[in-house]
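Asker: Residue numbering for the sequence shown follows numbering that gives the first Met the number 0, beginning at 0 and increasing consecutively. For every residue, glycine included, the Cβ atom is placed at its ideal position computed from N, Cα and C. Please find one structure pasted underneath; my questions will follow.
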Amino acid sequence: MRMAIKLKDGKKYFYSEAQSQQIARNLNYVKLLQILTNASSMKSGSSIKILNQIFKVENIKSFEFFL
């Protein structure tokens, strides 16, 4: 499985299989879903840290997973 993050400005961040596995182990999916589905968190400037890279929630368009 590989993962990519697509941002609203058109940038796309691809992760290797090893990086994707590390992200999957460390990512709290419940918290991620709460952040992405909660409109107030988008207004407050919430961010998420993935492999020492910080992404603002309002800039994230999608998370993509490839088998």
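#1: Span of the beta strand (DSSP E) holding residue 63?
#2: I'd like to check one pair, residue 3 with residue 13: are the Cβ atoms closer than 8 Å?
#3: Where does residue 45 sit, in a helix, a strand or coil, going by DSSP?
#4: Please state whether DSSP places residue 6 in a helix, a strand or coil.
#5: For residue 63 and residue 6, what's the separation of their Cα atoms in angstroms?
Answerer: By the coordinates alone:
#1: Going by DSSP, residue 63 is part of the beta strand (DSSP E) stretching over 59-65.
#2: Less than 8 Å divides the Cβ of residue 13 from the Cβ of residue 3.
#3: DSSP, read as helix, strand or coil, puts residue 45 in coil.
#4: The three-state reading of DSSP puts residue 6 in strand, counting E and B together.
#5: Residue 6 has its alpha-carbon roughly 11 Å from the corresponding atom of residue 63.
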